[in-house]
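First to last, the protein sequences are chains A and B. To convert, note that position 35 of the first sequence is 35 in the numbering used here; the numbers rise steadily by one, no gaps. To convert, note that position 414 of the second sequence is 414 in the numbering used here; the numbers rise steadily by one, no gaps.
Number of protein chains: 2
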Amino acid sequence: MHLNLFTECTPSPSFEGLWRHPQEPDPAVYRSLGHWIALAARLEEACFDALFFADVHGVYDVYEGSWQPAVREAVQIPSIDPVLVIPALAAATRHLGFAVTYSTTYHPPYLCARTFSTLDHLTGGRIGWNVVTSYLRSAEANGIGEFLAHDVRYDRADEYLAAVRALWEDSWSDRAVVADVAGGRYADPALVREAGHEGKWFRVRGPHQCEPSPQRTPVLYQAGASGRGMAFAARHAEVVFLTAADRKRCAEQVAELRRLVREAGRDPASLKVLLGIPVIVAPTAEEAAAKVELFTSLHSAEGRLAKWCGWTGVDLGGYADDTPIESIRVEGTRTPLDLIRRTSPDRDWTVGDVRRTLTLPHRPMRGGRFMLAGTPEEVAAHMTAWIEQTGIDGFNLIPCPASAGAVDICDLLVPQLQRQGLFRRRYDPGEPTLRERYFGAGHRDHGGRP
Amino acid sequence: MHLNLFTECTPSPSFEGLWRHPQEPDPAVYRSLGHWIALAARLEEACFDALFFADVHGVYDVYEGSWQPAVREAVQIPSIDPVLVIPALAAATRHLGFAVTYSTTYHPPYLCARTFSTLDHLTGGRIGWNVVTSYLRSAEANGIGEFLAHDVRYDRADEYLAAVRALWEDSWSDRAVVADVAGGRYADPALVREAGHEGKWFRVRGPHQCEPSPQRTPVLYQAGASGRGMAFAARHAEVVFLTAADRKRCAEQVAELRRLVREAGRDPASLKVLLGIPVIVAPTAEEAAAKVELFTSLHSAEGRLAKWCGWTGVDLGGYADDTPIESIRVEGTRTPLDLIRRTSPDRDWTVGDVRRTLTLPHRPMRGGRFMLAGTPEEVAAHMTAWIEQTGIDGFNLIPCPASAGAVDICDLLVPQLQRQGLFRRRYDPGEPTLRERYFGAGHRDHGGRP
Chain A
1 MHLNLFTECT
11 PSPSFEGLWR
21 HPQEPDPAVY
31 RSLGHWIALA
41 ARLEEACFDA
51 LFFADVHGVY
61 DVYEGSWQPA
71 VREAVQIPSI
81 DPVLVIPALA
91 AATRHLGFAV
101 TYSTTYHPPY
111 LCARTFSTLD
121 HLTGGRIGWN
131 VVTSYLRSAE
141 ANGIGEFLAH
151 DVRYDRADEY
161 LAAVRALWED
171 SWSDRAVVAD
181 VAGGRYADPA
191 LVREAGHEGK
201 WFRVRGPHQC
211 EPSPQRTPVL
221 YQAGASGRGM
231 AFAARHAEVV
241 FLTAADRKRC
251 AEQVAELRRL
261 VREAGRDPAS
271 LKVLLGIPVI
281 VAPTAEEAAA
291 KVELFTSLHS
301 AEGRLAKWCG
311 WTGVDLGGYA
321 DDTPIESIRV
331 EGTRTPLDLI
341 RRTSPDRDWT
351 VGDVRRTLTL
361 PHRPMRGGRF
371 MLAGTPEEVA
381 AHMTAWIEQT
391 GIDGFNLIPC
401 PASAGAVDIC
411 DLLVPQLQRQ
421 GLFRRRYDPG
431 EPTLRERYFG
441 AGHRDHGGRP
Chain B
1 MHLNLFTECT
11 PSPSFEGLWR
21 HPQEPDPAVY
31 RSLGHWIALA
41 ARLEEACFDA
51 LFFADVHGVY
61 DVYEGSWQPA
71 VREAVQIPSI
81 DPVLVIPALA
91 AATRHLGFAV
101 TYSTTYHPPY
111 LCARTFSTLD
121 HLTGGRIGWN
131 VVTSYLRSAE
141 ANGIGEFLAH
151 DVRYDRADEY
161 LAAVRALWED
171 SWSDRAVVAD
181 VAGGRYADPA
191 LVREAGHEGK
201 WFRVRGPHQC
211 EPSPQRTPVL
221 YQAGASGRGM
231 AFAARHAEVV
241 FLTAADRKRC
251 AEQVAELRRL
261 VREAGRDPAS
271 LKVLLGIPVI
281 VAPTAEEAAA
291 KVELFTSLHS
301 AEGRLAKWCG
311 WTGVDLGGYA
321 DDTPIESIRV
331 EGTRTPLDLI
341 RRTSPDRDWT
351 VGDVRRTLTL
361 PHRPMRGGRF
371 MLAGTPEEVA
381 AHMTAWIEQT
391 GIDGFNLIPC
401 PASAGAVDIC
411 DLLVPQLQRQ
421 GLFRRRYDPG
431 EPTLRERYFG
441 AGHRDHGGRP
């Protein structure tokens with residue numbers, strides 16, 4: 001199985017309020033290299049495939065029409081740019097991969113291509129790109145780009161991928177750099193060509209500013225769960241990171257994704273699917289239950305509301321309690337109903353239901369549903385069941401809380417998986433790149449293309 | 001005196017053809033972290049103020065109307081993004097500063113502010129920003145922004161600085177992050193405010209996505225030598241990096257800069273001026289002369305032409321030899337005459353003169369003019385003379401060639417400067433940030449503002 005660890009460069013990754021957890025370090029460590037280097041080294045010891053960094057641009061300012069709740073609760077603000085953390089982690093590790101969120105909406109393709117070629121060179125081929133189109137409208141108020149409707153963002157992202165892949169895959173031949181001292185030629189211009197991309201959204205002439213890196217195209221991650229997002233993933237993604245209400249729906253999503261990949265003319269095996277899922281693991285069932293209890297008690301209701309409203313673009317404060325949630329649509333945003341359906345599909349929700357659910361103490365469903373919680377043996381058994389019953393290829397584990405939870409995963413869960421032969425005990429030296437770790441030795445380029 | 005070392009993340013930094021120098025490492029090291037980490041560690045041993053990274057976006061495609069000469073000669077292509085190299089160097093050092101080129105033309109201010117706040121956090125306050133407006137028109141063909149006329153770029157950059165400084169300096173109070181566990185508040189929103197920038201070019205609402213970093217605003221470097229560039233520097237820059245034809249003109253430039261700084265309402269001492277100058281140093285005068293000879297013989301004429309034409313926007317191939325150089329103006333570019341005047345002001349140049357000068361073997365003027373070349377004692381004496389006769393505060397040393405030359409500077413020149421009491425032998429622990437290294441303990445914020 002493949003394992004990523006999910007994190008964010010912010011004081012309280014993934015869960016609002018958890019920066020207060022008594023086992024967590026000073027929340028200021030999120031902006032210190034030493035913290036990230038220690039985490040990366042520990043994950044490499046545990047043979048993780050990759051450390052996955054989520055990120056946003058802008059601020060969660062939908063709830064109460066204000067960014068103040070987000071600032072108060074540290075809802076992904078303050079945060080630092082995870083792209084800039086990775087080079088220091090690359091220097092401190094040899095095998096661990098890094099997947100980083102980077103938005104197609106707020107950076108031109110030409111600069112994106114150079115950023116990832118640089119990261120691929122510096123990591124020796126260990127970089128992945130979590131392609132996102134960005135959902136926070138507040139980014140627009142900060143002048144970094146026009147906020148477009150959801151599906152239009154994906155149309156634009158399709159063209160974006162064509163432009164960056166032209167730079168990565170077609171601009172410099174593998175043989176272009178000749179370093180010919182006698183002839184005085186560093187590169188042979190006949191083996192370098194323009195990208196020549198001219199589309200509806202982008203014009204990128206090229207040539208690419210970088211020579212070919214070990215993987216050329218970073219491993220393409222994607223997490224879009226909408227129909228349009230899945231169509232995008234089917235065309236481009238090599239690793240999809242999904243969340244699911246239960247195993248049955250997860251199995252349906254995986255099957256649908258693989259069907260779409262086949263329809264797009266790709267081998268369904270060229271896509272790995274990782275389930276993003278929170279984890280609490282402890283030596284005994286009692287300790288695990290106590291950890292779940294403590295985690296639950298620290299999860300901030302107001303922080304969750306601020307994040308949920310930012311995700312959906314809907315200020316729950318703006319609607320009467322008896323408003324059916326499915327009646328709410330805000331142009332350019334995700335339908336709240338879509339999000340609700342994914343996690344709790346079995347009832348008709350009103351605004352009041354949602355608000356109460358979000359603001360009541362959060363009760364994570366255990367036993368392998370929503371959250372993996374228990375002893376190492378129990379969690380390993382749940383993971384096995386998920387893989388067997390859904391067709392996923394592994395997990396993007398969300399530690400609860402971020403730092404202490406990651407230590408538990410490395411100290412308790414991974415050794416259990418290794419004892420059961422479910423996870424590698426060492427990296428395969430024949431698979432030096434992140435893509436090869438997913439798809440086997442020799443698969444250096446996207447889609448295995450030569 | 002203050003010392004920076006100048007470099008670029010490309011196979012042949014500063015001088016075309018020098019990647020072929022027999023003492024240089026494999027040119028591929030420019031894309032390896034190990035190479036940069038070793039250089040940074042050596043510079044820190046030598047107590048340098050900072051490692052300075054130049055950079056460009058786009059490609060030199062003016063000469064012969066083609067990017068092929070630039071690719072052949074490795075004229076800043078291929079290159080990787082130096083911003084991404086710095087975090088790994090920060091992890092490997094404790095005192096060395098890093099100044100990096102970043103364009104106001106091709107990144108939105110909101111993202112620029114986050115990039116440098118992140119770097120300032122990760123380096124513990126050791127970051128400088130070399131503010132450039134970018135001169136390569138080819139960037140436009142790659143869709144990263146509109147190519148504007150020289151002075152308009154600086155007008156826009158003035159507004160850009162106002163926007164990023166509002167995010168860095170005014171958005172988060174020093175006391176905003178409270179990490180109040182009992183009250184459940186990570187930050188106090190009453191102590192965070194919007195930047196509220198609305199101008200001709202930019203709209204940046206804020207708040208800033210990052211909490212205050214050690215320096216808040218990175219140390220602002222600037223290298224513009226035009227009248228408009230100097231006016232910009234007088235308003236914002238803390239370190240100006242200039243080149244000069246001789247000491248007399250250098251002294252005039254320094255005096256003019258300080259006058260402009262005073263006119264802008266700033267203390268003239270709040271600006272440090274570094275002379276950018278190539279250096280060749282060797283144990284004996286004979287060895288130094290041989291090194292100059294070898295350096296000269298390897299400098300590529302075609303590469304120089306490609307770079308010069310890209311700088312000026314003028315394809316020398318397009319004009320008859322007897323065309324007076326001062327008659328040539330291409331909209332939006334620098335006047336070639338301005339560039340010529342700065343380095344060889346004493347004649348009326350024709351296109352043929354320039355082409356011949358550029359394509360003949362380059363004869364660096366020695367004896368402290370254009371190039372510092374000689375024994376450590378000689379070079380130290382020239383440096384002293386420059387400082388005494390011009391009012392500069394130090395140097396941005398350009399090693400010839402990039403790697404072997406940097407070793408010579410650290411092994412031979414710096415110890416000589418230290419023996420003479422001209423340069424520090426250790427870092428002052430009371431000056432942990434780059435700004436404090438330039439302006440003294442306690443000067444953490446731009447312009448010494450509280």
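By construction, the Cβ of each residue, glycine as well, lies at the ideal position given by its N, Cα and C atoms. It should be emphasised that the depicted structure is a prediction, and the values quoted were computed from it without experimental measurement.
- Chain-ordered, the chain A residues with CB closer than 7 Å to the CB of Asp-81/B read Arg-114, Thr-115 and Thr-118.
- By the criterion of a C-beta distance shorter than 8 Å, Ile-77/B is surrounded in its chain by Thr-10, Val-59, Tyr-60, Trp-67, Ala-70 and Val-71, once the five residues flanking it on both sides are discounted.
- For the region 251-290 of chain B, the full-length beta strand (DSSP E) segments reaching 3 residues or more read 272-281 along the chain.
- Judged by DSSP in its simplified three-state form, His-35/B adopts helix.
- Going by DSSP, Ser-403/A is part of the alpha helix (DSSP H) stretching over 402-408.
- Membership of Thr-312/B in the alpha helix (DSSP H) is indicated by the continuous run 301-312.
- With respect to the C-alpha of Gly-229/B, the residue from Leu-260/B, Leu-397/B and Phe-53/B having the closest C-alpha is Leu-260/B.
- Counting along the chain, Thr-390/B sits inside no beta strand (DSSP E); it lies in the alpha helix (DSSP H) bounded by residues 376-390.
- For Val-132/B and Ala-290/A, the gap between their C-alpha atoms comes out near 55 Å.
- Around the beta carbon of Ser-297/A, fewer than 16 other beta carbons sit within 10 angstroms, so the residue counts as exposed.
- Taken through DSSP and simplified to helix, strand or coil, Ala-320/A comes out as coil.
- In the DSSP annotation of this structure, the continuous segment of the alpha helix (DSSP H) that includes Pro-87/B starts and ends at 86-92.
- By the beta-carbon neighbour count (other beta carbons within 10 angstroms, threshold 16), Asp-267/B is exposed.
- Spatial neighbours of Ala-195/A in its own chain (CB-CB distance under 6 Å, excluding positions within 5 residues in sequence) are listed in chain order as Ala-166, Leu-167, Ser-171, Val-204 and Gly-206.
- Under the three-state reduction of DSSP output, Met-230/B falls in the helix class.
- For Phe-439/A, no beta strand (DSSP E) encloses it; the enclosing alpha helix (DSSP H) starts and ends at 434-439.
- Burial state of Arg-126/A is buried, judged by a 10 Å Cβ sphere holding 16 or more other Cβ atoms.
- Within chain B, the residues Ala-141 and Asn-142 have their CB atoms less than 7 Å from the CB of Arg-205/A, given in chain order.
- The CB of Glu-169/B never comes closer than 9 Å to any CB in chain A; the least such distance is about 15 Å.
- Taking C-beta separations shorter than 7 Å and ignoring five residues to either side along the sequence, the partners of Asp-188/B in its chain run Ala-176 and Val-178, following chain order.
- Less than 8 Å divides the Cβ of Arg-235/A from the Cβ of Asp-158/A.
- With fewer than 16 other CB atoms across the displayed protein chains lying within 10 angstroms of its CB, Asp-321/B is exposed.
- Rounded to the nearest angstrom, the gap between the Cα atoms of Glu-286/B and Gly-442/B is 46 Å.
- Here Pro-283/A is actually not in contact with Met-371/A; their C-beta atoms are around 18 Å apart, not less than 8 Å.
- In its chain, beyond the 5 residues on either side, Leu-191 have a beta carbon closer than 6 Å to the beta carbon of Ser-173/B.
- In this structure Ala-91/A touches Ile-37/B by the C-beta definition: roughly 6 Å separates them, less than 8 Å.
- Closest in C-alpha terms to Asp-348/A, from the list Ile-325/A, Arg-356/A and Arg-355/A, comes Ile-325/A.
- Here Arg-262/B is exposed, its C-beta having fewer than 16 other C-beta atoms within 10 Å.
- Only Ala-187, Pro-189, Val-192 and Phe-202 from the region 187-202 of chain B bring a Cβ to less than 7 Å from some Cβ of chain A.
- Between the alpha carbons of Met-1/A and Gly-124/A lies a distance of about 23 Å.
- Residue environment: Glu-198/A is assigned as exposed (fewer than 16 neighbouring CB atoms within 10 Å of its CB, all protein chains considered).
- When C-beta distances to chain A are compared with 7 Å, the residues of the region 283-312 of chain B below that value are Ser-300, in chain order.
- For Gly-374/A, the closest alpha carbon among the candidates Ile-280/A, Ala-244/A and Phe-48/A is that of Ile-280/A.
- Phe-6/A carries a strand assignment under DSSP once its states are collapsed to helix, strand and coil.
- In chain order, Tyr-186 make up the part of chain B whose C-beta sits under 7 Å from the C-beta of Glu-73/A.
- In the three-state reduction of the DSSP assignment, Trp-201/B falls in the coil class.
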